[in-house]
Amino acid sequence: MLKIKGYGDNLTVNGVRIGDLSPSEHEKIEREKGGKNYKPLEDVVVSHVRDSSTLICRKPSTNDVTPYVEEELIDGLCCYSAVNQGQLNKTIVEAVVKHLEEEKLPTVPRSIRHKYMGAFLLAATEITQMDRVVPKVAGVEAPELMFKLSRLWGYQTKGIPENEAIVVVANGNFHGRTVTAISMSDDSDSRDNFGPFVPGIERVPFNNIEALSSLFKEKGEKIASYLAEPIQGEAGVIIPDEEYWFKVRSLCNEHNILLAMDEVQTGFGRTGANFAHQLYNIKPDLMGCGKAAGGGILPVSFVAGKDEVIGLLTPGSEGSTFGGYPLASVVGIYAIKVLVEEKLAENAKIRGAQLMGHFENMKNEFPDKIKEIRGKGLLTAFEMHDSSKLDGHKISIELLKKGVYAKETHKSTVRIAPALTIEAFQIDNIADAIFNVIKEI
1 MLKIKGYGDN
11 LTVNGVRIGD
21 LSPSEHEKIE
31 REKGGKNYKP
41 LEDVVVSHVR
51 DSSTLICRKP
61 STNDVTPYVE
71 EELIDGLCCY
81 SAVNQGQLNK
91 TIVEAVVKHL
101 EEEKLPTVPR
111 SIRHKYMGAF
121 LLAATEITQM
131 DRVVPKVAGV
141 EAPELMFKLS
151 RLWGYQTKGI
161 PENEAIVVVA
171 NGNFHGRTVT
181 AISMSDDSDS
191 RDNFGPFVPG
201 IERVPFNNIE
211 ALSSLFKEKG
221 EKIASYLAEP
231 IQGEAGVIIP
241 DEEYWFKVRS
251 LCNEHNILLA
261 MDEVQTGFGR
271 TGANFAHQLY
281 NIKPDLMGCG
291 KAAGGGILPV
301 SFVAGKDEVI
311 GLLTPGSEGS
321 TFGGYPLASV
331 VGIYAIKVLV
341 EEKLAENAKI
351 RGAQLMGHFE
361 NMKNEFPDKI
371 KEIRGKGLLT
381 AFEMHDSSKL
391 DGHKISIELL
401 KKGVYAKETH
411 KSTVRIAPAL
421 TIEAFQIDNI
431 ADAIFNVIKE
441 I
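Under my numbering, the residue at position 75 of the sequence shown is numbered 75, and the numbers go up by one with no gaps.
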């Protein structure tokens, strides 16, 4: 019979107390009983947090007395930008506790209204400067819904013949791992053995206005939208030319094509603006948000957009059991409040410039190792030359030894995207650790 008791380190499942497990024992359980779809860093288990940018982790013990030792780690990844407001942000946590203890309304379905939905919609439409918002849960649900809305608008408003709508996407994109998302992707790790894929998708090179223009001229009558990230995060922080998005917006206007932007990773202050499209002085027709929309406390996502597009939805055409439920609405409201009142975008701009300055020095010092540095705000990365010794995973492991958590993407690139509440000395510490690791390899 299953027996579960205790909390924290005393949480015990069928006699196994988690506070007694070594890092290798945690790994053994995951390997034997979990899916093998992730490859976490070896020999480290996060236990709790010390402050908004510091994780307390457990590493293998150096003696036979204890199963592990605890060390501090500066969080240089911020759960892939899901914790822009910092770990356990005080404002958000207090709102959650107050809501559960005093308001006592955690969950009701969308078939009955609750008083927090209106507040969330007011906050979300104001911060995005959009007409309407549809709340969702997982980040991938945002581009998924934008894909559906693109088709819906294409058929009902643009007049595209039934089942012939095209959604254009960019090479190197990452929109998640649902079937629709991997149908848009060109990443073999996501796609292999998961076909057949969703039809009606065309890919173009990212940051290539000529290729996009050519496709629009050829197939524009059947193209419903261009759905893309303003800056490609998972691809390694790929930043387009300054004029690219202005030209894209003009092309979309010319050909009556929606511009749908996936801001799941780039939104909520990450790039030095509340939303990355604002860096380029344009406005999309649809925008998907997630990750930091939940303040690192709950999964919250949403699609914001124009009335002429989102207003086409009818009862039964779209839904989500937990999309905008009371507790998520409260978290979403206060995630927005923190974004504004703690000036996260401004801090990202300041600390990002500080970090990129360090990266510039590193590139000048090690031109034979560092190929390129890229960044907007605190969405940054350094790419190394293609060499067996310049392996991103090895760099991540060595950084772990120096007290910094970071993770490679696409082998030779390491992405650094800490909380937007990070302090100057912590940026210096991250940069010093990276410099020393690169120096030693």
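Virtual Cβ for every residue (Gly too), placed ideally from N, Cα, C.
In this text, all values refer to a predicted model and were calculated from it rather than measured experimentally.
Is the CB-CB distance between residue i and residue j below 9 Å?
i    : j    : result
S183 : F197 : yes
A124 : V133 : yes
A348 : N84  : yes
T107 : L327 : yes
K371 : S412 : yes
L11  : P67  : no
A95  : K291 : no
E42  : C57  : no
V140 : V264 : yes
V338 : T91  : yes
H255 : K217 : yes
A381 : I416 : yes
S53  : I422 : yes
K439 : E365 : yes
V303 : A181 : no
Y325 : H99  : no
Please classify residue i as buried or exposed, where buried requires at least 16 neighbouring CB atoms within 10 angstroms.
i    : result
D285 : buried
D432 : exposed
R249 : buried
D262 : buried
P240 : buried
L73  : buried
I160 : buried
Y7   : exposed
A228 : buried
D75  : buried
G267 : buried
I297 : buried
A424 : exposed
Y38  : exposed
K136 : buried
T321 : exposed
P205 : exposed
R17  : exposed
E144 : buried
N274 : buried
M130 : buried
S225 : buried
N436 : exposed
T62  : exposed
N193 : exposed
I127 : buried
P40  : exposed
M1   : exposed
I29  : exposed
P199 : exposed
N361 : exposed
G392 : buried
Assuming the contact rule is C-beta atoms closer than 8 Å, residue i and residue j should be a hit. Round their C-beta distance to whole Å, please.
i    : j    : result
V169 : S150 : Wrong, their Cβ atoms sit about 11 Å apart, outside the cutoff.
G377 : G295 : With 8 Å as the limit, G377 and G295 do not qualify as a contact, their Cβ atoms being about 18 Å apart.
E408 : I427 : With a Cβ gap of about 20 Å, E408 and I427 do not count as contacting.
M146 : A260 : 4 Å
A138 : S301 : 6 Å
P23  : P60  : 6 Å
P315 : C78  : With 8 Å as the limit, P315 and C78 do not qualify as a contact, their Cβ atoms being about 38 Å apart.
L379 : V237 : 6 Å
My output table needs one value for residue i: the three-state DSSP class, helix, strand or coil.
i    : result
S301 : strand
Q232 : strand
E383 : strand
A170 : strand
P446 : Residue 446 is absent from the structure shown; the chain starts at 1 and stops at 441.
R110 : coil
P367 : coil
M117 : helix
I333 : helix
D9   : helix
P23  : helix
D187 : coil
A224 : strand
L286 : strand
S317 : coil
S61  : coil
Comparing the C-beta of residue i with each C-beta of chain C, is any distance below 9 Å?
i    : result
I209 : In summary, chain C is missing from the structure at hand, where a single protein chain is found.
Determine contact between the stretch 354 to 371 and the stretch 302 to 319, defined as no fewer than three beta-carbon pairs at a distance below 8 Å.
no
May I ask you to verify whether the stretch 39 to 48 touches the stretch 233 to 247, counting CB pairs closer than 8 Å and requiring at least 3?
They do not touch, by the three-pair rule.
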